[in-house]
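A short worksheet on the structure shown next.
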Amino acid sequence: MISYFQTKREKLKIIYCSLCLTNKYRMGNESSKQAKQENLIKQQKLQEDALRNFNIRVSSYSYPHHGQHNAYIEWCRAQYELECVPESCRQGSNFNTKDNYW
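Numbering (the numbering used here), first residue to last: 147 to 248.
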């Protein structure tokens, strides 16, 4: 009986260690560091895309189409700030990616 439990325990240790070595089942602070890095990369990409969209909007300004310059620039800044917010944190019914006109 003792040998059975020892071998069973050793098998469980081997299975547990093999699961811990894979990325899917990694435990501890490494997974949170990895998640933080992934979130940081996503946030940087959102900011880069938002800045690119802001520059496109500002360069495509025309008075007959967009109206007063100051109001349009304020709208562009508001859109930039909204696009920098992660999608999981966006709230309200005013933001819709399909209706992103400028």
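No residue lacks a Cβ here, since even glycine has one placed at the ideal position from N, Cα and C.
Buried versus exposed call for residue i [16 or more other C-beta atoms within 10 Å across all chains shown]
i: GLU229; result: buried
Whole-angstrom C-beta distance between residue j and residue i, which should lie under 8 Å
i: TYR226; j: PHE200; result: 4 Å
i: GLY232; j: GLN180; result: Just to set this straight, residue 232 is Pro in the shown sequence, not Gly. Wrong, their Cβ atoms sit about 17 Å apart, outside the cutoff.
Cβ shell of residue i (< 6 Å), same chain only, five flanking positions each side left out
i: SER206; result: none
Please list the segments of the alpha helix (DSSP H) lying wholly inside the stretch 200 to 239, counting only runs of 4 or more residues, in order along the chain. For the stretch 200 to 239, whole alpha helix (DSSP H) runs of length 4 or above, ordered along the chain, are 209 to 212, 215 to 230.
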